[in-house]
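Chemist: First, the structure itself, so that you have it in front of you.
2 protein chains.
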Amino acid sequence: MTQHGLRSGQVAEAAGVSVETLRYYERPGILDDPVRTLGGHRLYPTKTVTVLKVIKAAQRLGFTLREVADLLQAGEHRHGRRPTAGLRHSLEAKLTEVEARLADLVVIRDTLREARDAGCDDVAACAASSCCPLPFAELATVPARPA
Amino acid sequence: MTQHGLRSGQVAEAAGVSVETLRYYERPGILDDPVRTLGGHRLYPTKTVTVLKVIKAAQRLGFTLREVADLLQAGEHRHGRRPTAGLRHSLEAKLTEVEARLADLVVIRDTLREARDAGCDDVAACAASSCCPLPFAELATVPARPA
DNA sequence: CGTAAGCCCGTTCCTTGGTACGGGATGCAA
DNA sequence: TTGCATCCCGTACCAAGGAACGGGCTTACG
């Protein structure tokens with residue numbers, strides 16, 4: 023038999039990421055440091071593929087890599103003793119965040135629709151003359167969350 | 023009388039941006055190069071304040087600086103001859119984009135809600151055992167737009 | 001055993017939208 | 001004319017999340 027464990031290329035392929043990404047995730051501890059062959063090549067356990075998929079999924083759910091790392095850690099600690107409720111708490115927080123962004127986007131969408139329906143052609147002119155319902159000046163004064 | 027035109031600090035103050043931002047916008051041609059005093063200080067026309075407000079508003083509508091520049095250009099070209107419909111087209115395109123992002127966020131929100139309601143505690147374990155409704159594997163296989 | 005593919009590492013670069021720094025020149029009012 | 005606020009310029013830096021390079025070693029296959 024050859025050595026057991028997956029090589030970085032195999033893991034990358036299976037998880038749909040690049041080999042560089044694996045190395046990158048290792049640095050800040052998002053992935054555990056893998057076992058090495060005598061020659062120094064990385065050997066990953068099979069579950070790393072799952073972990074990577076989870077990471078990618080969580081990123082799509084709007085978590086940053088740091089947050090994902092914490093999420094995974096929280097899960098591991100739980101195996102120690104009492105339930106942490108850390109994951110549920112994170113989910114709740116992220117959900118609130120997502121809902122806020124959603125609300126912002128709805129405002130943006132409605133504004134864009136209004137602008138389109140108004141049929142303006144020159145943004146600057148419209149803003150200056152208030153001939154159209156584009157709330158440029160008003161928007162400009164709003165505190166505003168970054169898009 | 024002193025020289026007519028606004029100095030960078032005045033423009034920045036009036037538009038609610040920093041002087042550095044003005045310089046920054048000049049580089050890629052988002053702001054026209056202003057007239058200079060004999061000593062090299064920038065002198066802006068009054069309308070620059072409006073332009074800046076428009077830029078900030080457009081950014082809040084989800085346009086990148088590059089797109090904003092194109093939008094403003096489109097408006098100017100229109101003054102030449104026939105209507106370009108460029109702005110309407112851009113609005114339409116951006117609206118489509120925003121709607122797509124909105125749809126994504128709704129999926130994300132619903133997924134987060136499900137996860138929360140399911141009361142999972144360990145992300146990796148859930149993903150591996152399919153004990154909970156978190157669609158990690160499925161999400162992982164979706165082409166997916168970056169959040 | 002030979003060779004080609006794969007992997008190693010450190011380092012640099014990219015994107016976006018600015019912010020910060022620092023030394024020197026200017027503008028303006030008194 | 002002096003003083004001080006303002007402005008000039010180039011450059012470096014920040015966040016995140018990787019992508020890319022290049023020279024050299026390892027591994028696996030035949």
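Heads up: the protein sequence lines correspond to chains A and B, in order.
When you read off a place in the first sequence, starting at 1, and then add 22, the result is the number in my numbering.
When you read off a place in the second sequence, starting at 1, and then add 22, the result is the number in my numbering.
For every residue, glycine included, the Cβ atom is placed at its ideal position computed from N, Cα and C.
Here the structure is a predicted model, which means the values were calculated and not measured.
#1: What residue from D139/B, R135/B and T118/B has the CA that sits closest to R138/A's CA?
#2: Let me know the secondary structure DSSP gives L65/B once reduced to three states.
#3: Using the Cα positions of T72/B and K78/B, report the straight-line distance between them to the nearest angstrom.
#4: When the Cα atoms are used, what is the spatial distance from G31/B to P56/A?
#5: Flag this pair as yes or no: are the beta carbons of L131/A and L127/B separated by less than 9 angstroms?
#6: With DSSP as the reference, label R58/B as helix, strand or coil.
#7: Can you name the residues of chain A whose CB is closer than 8 angstroms to the CB of L117/B?
#8: Leaving out the 5 sequence neighbours to the left and right, which residues in its chain are closer than 8 angstroms to R58/B when beta-carbon positions are compared?
#9: Between the alpha carbons of R46/B and L44/A, how many angstroms are there, rounded?
#10: Residues of chain A with CB under 8 angstroms from L124/B, in chain order?
#11: Would you say L53/A lies against chain B (beta-carbon separation less than 9 angstroms)?
#12: Could you please give the first and the last residue of the uninterrupted alpha helix (DSSP H) stretch that includes G31/B?
#13: Give the residues from the region 79-99 of chain A that approach chain B closer than 9 angstroms (Cβ to any Cβ), ordered along the chain.
#14: Would you call S40/A buried or exposed, if buried means 16 or more other Cβ atoms sit within 10 Å of its Cβ?
#15: Go ahead and pull the three-state DSSP assignment for V128/A.
#16: Compute the Euclidean distance between the alpha carbons of V33/A and G27/A, then round it to the nearest angstrom.
#17: Is E35/B close to chain A, meaning its C-beta is less than 9 angstroms from at least one C-beta of that chain?
#18: Residues of chain B with CB closer than 7 angstroms to the CB of L65/A, please, in chain order.
#19: Does the separation of the CB atoms of L19/B and F85/B fall below 9 angstroms?
#20: Is R49/B buried or exposed, if buried means 16 or more other CB atoms sit within 10 Å of its CB?
#21: Leaving out five residues before and five after L87/B in sequence, what residues of the same chain have Cβ atoms less than 8 angstroms from its Cβ?
#22: Where does V129/A land, buried or exposed, given buried means 16+ other C-beta within 10 angstroms?
#23: Work out the CA separation of L83/B and R100/B for me, nearest whole Å.
#24: Can you find a C-beta in chain A that's less than 9 angstroms from the C-beta of L113/B?
#25: Kindly list, in the order they appear in chain A, the residues whose Cβ is closer than 8 angstroms to that of V39/B.
#26: Hey, A37/B and T68/B: beta-carbon distance below 9 angstroms or not?
Modeler: The structure says:
#1: For this step, residue 138/A is matched to residue 116 along the first sequence. R138/A has its Cα closest to that of T118/B, out of D139/B, R135/B and T118/B.
#2: Counting from 1 along the second sequence, the entry for residue 65/B is found at position 43. Reduced to three states, the DSSP call for L65/B is strand.
#3: In the second sequence, the residue the question calls residue 72/B occupies position 50. In the second sequence, the residue the question calls residue 78/B occupies position 56. Whole-angstrom Cα-Cα distance: 10 angstroms.
#4: As a position in the second sequence, residue 31/B is number 9, starting the count at 1. As a position in the first sequence, residue 56/A is number 34, starting the count at 1. The alpha-carbon atoms of G31/B and P56/A are separated by roughly 55 angstroms.
#5: For this step, residue 131/A is matched to residue 109 along the first sequence. For this step, residue 127/B is matched to residue 105 along the second sequence. Before going further, note that residue 131/A is Arg rather than Leu in the sequence given. Contact: no.
#6: Walking along the second sequence from the start, residue 58/B turns up at place 36. Strand at R58/B.
#7: Along the second sequence, read from residue 1 onward, the residue named residue 117/B stands at position 95. Simply R131, L134, R135 and R138.
#8: Within the second sequence, the letter at position 36 stands for residue 58/B. So the list reads R64 and L65, once near-sequence residues are dropped.
#9: Taking the first residue of the second sequence as position 1, residue 46/B is located at position 24. Taking the first residue of the first sequence as position 1, residue 44/A is located at position 22. Just to set this straight, residue 46/B is Tyr in the shown sequence, not Arg. One C-alpha to the other measures close to 36 angstroms.
#10: On the second sequence, residue 124/B is found 102 positions in, with the first residue counted as 1. Simply L124, L127, V128 and R131.
#11: Counted from its first residue, the first sequence places residue 53/A at position 31. Answer no: the Cβ-Cβ gap between L53/A and chain B never drops below 9 angstroms.
#12: Reading the second sequence from its first residue, position 9 is the one you call residue 31/B. Per DSSP, G31/B belongs to the alpha helix (DSSP H) from S30 to A37.
#13: Within the region 79-99 of chain A, the residues whose Cβ lies closer than 9 angstroms to some Cβ of chain B are A79, A80, Q81, R82, L83, G84, F85, V90, L93, L94, A96, G97 and E98, listed in chain order.
#14: Numbered from 1 along the first sequence, position 18 holds the residue referred to as residue 40/A. Exposed.
#15: Taking the first sequence and counting its residues from 1, the one referred to as residue 128/A is at position 106. It is helical.
#16: In the first sequence, counting from the first residue as 1, residue 33/A sits at position 11. In the first sequence, counting from the first residue as 1, residue 27/A sits at position 5. Approximately 10 angstroms, taken between the alpha carbons.
#17: The residue labelled residue 35/B in the question sits at position 13 within the second sequence. Judged by the 9 angstroms Cβ criterion, E35/B is not in contact with chain A.
#18: Taking the first residue of the first sequence as position 1, residue 65/A is located at position 43. Going along chain B, no residue has its Cβ under 7 angstroms from L65/A, so there is no contact; the nearest lies around 19 angstroms.
#19: Nothing can be reported for residue 19/B: it is not among the residues displayed for chain B, which extend from 23 to 169.
#20: Working through the second sequence from its first residue, we reach residue 49/B at position 27. Classification for R49/B: exposed.
#21: Residue 87/B sits at position 65 when you count from the first residue of the second sequence. Same-chain partners within the cutoff: Y47, P50, I52, I77 and Q81.
#22: Counting from 1 along the first sequence, the entry for residue 129/A is found at position 107. Label assigned to V129/A: exposed.
#23: Working through the second sequence from its first residue, we reach residue 100/B at position 78. Working through the second sequence from its first residue, we reach residue 83/B at position 61. Here the model assigns R100/B a pLDDT of 49, short of 50, so the residue's position is not dependable and the matter cannot be decided.
#24: Numbered from its first residue, the second sequence carries residue 113/B at position 91. Closer than 9 angstroms: yes.
#25: As a first step, residue 39/B must be located in the second sequence, where it is residue number 17. Result: empty, since nearest Cβ-Cβ is about 10 angstroms, beyond 8 angstroms.
#26: The residue you call residue 37/B lines up with position 15 of the second sequence. The residue you call residue 68/B lines up with position 46 of the second sequence. The answer is no: Cβ separation not under 9 angstroms.
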